[in-house]
Every structure is written in C-alpha cells, then in structure tokens.
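Engineer: Taken in order, the sequence shown gives residues 3 to 297; the numbers are from this note's numbering. Glycine included, C-beta positions come from ideal geometry on N, C-alpha and C.
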Amino acid sequence: MSTTNGQWYPPEWPERIRQLATGELTPVTPRRAATVLLLRDGAGGPVVHMLRRRTSMAFAGGAYAYPGGSVDPRDERGVAWAGPSRREWAARLGLAADDGTVAQAIVCAAVRETFEEAGVLLAGPTPHTVVADTTGEEWEADRAALVARELSFADFLDRRGLVLRSDLLGGWARWITPEFEPRRYDTWFFVAALPRGQRTRNASTEADHTVWIRPAEAAAGYDRGELLMMPPTIATLRELAPYGTVAEALAAAPDRDLTPVLARARLENGRVVLSWPGHDEFTKHIPTGPTGGAT
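#1: Quick check on DSSP: helix, strand or coil for F191?
#2: Quick one: grab the DSSP three-state call for M3.
#3: What does the Cβ neighbour count give for D144, buried or exposed, with the cut at 16 atoms within 10 Å?
#4: Taking only three categories from DSSP, how would you classify P184?
#5: As an exercise, report each continuous beta strand (DSSP E) stretch of at least 3 residues that is fully enclosed by the region 70-107, in chain order.
#6: Assign G223 to one of three DSSP states: helix, strand, or coil.
#7: Which residues in the same chain as V149 place their Cβ atom closer than 6 Å to its Cβ, once the five residues preceding and following it in sequence are excluded?
#8: Exposed or buried, which one is A45 when buried takes at least 16 other CB atoms within 10 Å?
#9: How is V122 classed by DSSP in three states: helix, strand or coil?
#10: Could you tell me whether the region 273-284 touches the region 72-92, where touching means 3 or more Cβ pairs closer than 8 Å?
#11: Measuring only the C-alpha atoms, how far is L164 from T128?
#12: Should T5 be labelled buried (16 or more other beta-carbon atoms within 10 Å of its own) or exposed?
#13: Would you say the region 40-54 touches the region 127-142, given that touching needs at least three Cβ pairs under 8 Å?
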C-alpha cells in the first residue's frame with residue numbers, strides 16, 4: 003500500500019490499469035450501492051459517524067468509511083413510504099424517469115445499511131415520526147436477520163408497522179469504482195441527521211472501530227497520513243467541512259450535483275496518469291514498468 007497521505011492505493015492498481023489499457027482486462031459491471039453520512043451537531047459544528055473497515059476486508063481494508071453497502075434485490079419490494087415520491091427520487095439520483103423502483107431500492111439500501119451497520123433506523127410508525135430507540139434483544143434479532151439476509155427490509159418494516167422516511171435523506175454525491183477494480187460499486191452518498199433518541203454503535207462485523215468526528219478533523223488526519231480513506235470519503239468530508247450546523251448541510255443537499263465521478267487512466271510520457279475528474283488532489287502518476295511507486 004503506497005501512500006503519501008491517507009489515500010487508499012492498492013499495490014496491484016498499476017498492473018491492473020496497464021491490463022485495462024491493453025485490453026487484457028474486462029471491466030466488471032458495478033453493483034448499485036448506497037452509503038450514509040450520518041450527522042449530529044457538536045460543540046464545534048457537525049460531526050459525522052465513521053467506521054474503520056477491518057484490515058482483513060478484501061475491499062478497502064483498514065480504510066475509514068461510512069455505513070453502507072450494496073443494494074439487495076429485495077429492496078425493490080413495496081414498503082410504506084414517506085417523503086419525495088419514488089419518481090422524484092429517480093430524477094434526483096440521475097435515473098430514468100420510470101426507474102422509481104430502482105430509486106426506491108437505492109434509498110432502501112441506504113436506510114437498511116445504516117440500521118445494519120450503525121443501529122440507526124430512519125423510519126417511524128407514521129410519516130412524521132421516527133422510532134426513538136432501536137436497542138434491545140428484539141431489535142438486535144431483526145438487525146442480525148437483515149445482515150444474514152434471512153429477512154428482507156420490506157418484511158422488517160411491514161412486521162413492525164414502520165414507514166420509511168425518505169425525506170430524512172439528502173442526496174450528496176455519486177461515485178463509481180474505477181474500471182480496473184475487481185470489485186466495483188456505483189455508490190450514491192446521502193446525508194442524514196441522527197434521529198433524536200437514537201444512538202450509534204458498532205454493529206458491523208466489517209468494522210473494528212467507530213468514531214464521531216468533525217469533517218475537518220478527519221480530513222486533517224488523512225492529510226497527515228494517519229487516517230486511510232478512499233477518494234470518495236475524503237472528498238465528501240472536505241465538502242461537508244464548511245457547514246456550521248447539520249441543518250445547513252441538509253439544506254444544501256438538494257442543490258448538490260450527483261453526476262457520477264469515475265476515475266480515468268491515460269498514458270502520458272511513459273506513465274499512466276490516474277485521475278478523478280473534478281478532484282485533482284487524487285491524481286496519481288504511475289510508471290508503466292514493473293517497478294516504481296505512484297506519485
């Protein structure tokens with residue numbers, strides 16, 4: 003893992019980029035996914051909930067991230083729904099107008115994964131309420147069943163008589179894993195406020211540590227090389243840093259550009275140049291030979 007700051011940069015990338023450029027590598031189709039920047043107000047401004055992925059994880063091991071994961075095909079099942087319509091969400095997420103079912107699945111994945119990995123549930127008994135507490139043996143049994151895919155999110159909500167609160171989410175960004183990665187995700191990033199009465203916990207088997215941290219503080223840790231992160235994570239942290247309250251960040255969400263960010267690789271003066279459009283800080287210059295590190 004070569005890094006001059008905290009940028010996650012697997013050592014196999016240069017060879018995979020070369021293989022992609024020469025046609026030896028066929029890109030994997032990315033899976034739809036969702037992740038949530040869970041926020042609460044702190045003394046010095048908003049703080050965000052982050053988890054550190056276990057080093058044993060095949061994808062981004064050791065990196066700090068947000069609760070999230072892939073869409074489950076069953077996330078398309080009908081659920082009690084509050085907030086913008088599925089059609090409105092399709093437009094907001096950059097999908098075709100008739101992709102309301104896909105939009106619902108992405109929003110459901112965001113809410114489901116936040117519950118699975120942080121124990122926080124953006125749903126309530128009515129369209130205008132949120133559950134106040136998700137602790138206890140029965141809640142934990144349902145959460146474990148969701149993680150094991152023994153229970154669909156739709157059945158979970160229906161059994162408990164809960165309405166999914168899509169209005170508590172704001173679309174923030176969309177990033178697609180580079181074409182040369184063996185595991186690819188088309189990920190929508192959302193922002194949401196921690197519901198009153200609920201509290202986060204490390205409920206994920208994929209994480210070994212969680213923290214509430216100011217975005218600017220997390221970014222500074224990345225810059226010092228102390229906190230490992232993927233480009234989407236540090237980019238969204240920097241974008242959150244200017245906001246003085248959670249309410250300000252949520253109010254900014256409707257105007258955020260959700261055009262997907264996808265890394266590009268080109269050959270230039272004997273080196274592969276890896277870049278993420280609109281995010282120059284992540285640009286890497288990679289020798290095409292068998293040795294040498296990225297700069």
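Structural biologist: Taking the geometry as given:
#1: Look at F191 here: in three-state DSSP terms it is strand.
#2: Confidence at M3 is low in this model, with a pLDDT of 39, below 50, so its placement is unreliable and no value can be given for it.
#3: Burial call: buried.
#4: Here P184 sits in coil by DSSP.
#5: Correct list: 70-72.
#6: Three-state DSSP puts G223 in a helix.
#7: So the qualifying residues of the chain are E118.
#8: Exposed is the label assigned to A45, since fewer than 16 other Cβ atoms lie within 10 Å of its Cβ.
#9: Of the three classes helix, strand and coil, the one that applies to V122 here is coil, per DSSP.
#10: Flag = no, the region 273-284 and the region 72-92 do not touch.
#11: Straight-line Cα distance between these residues: approximately 7 Å.
#12: Reliability fails at T5, whose pLDDT of 45 lies under 50, so the model's placement of it is uncertain and no value is given.
#13: Between the region 40-54 and the region 127-142 there are fewer than three C-beta pairs closer than 8 Å, too few to call the two in contact.
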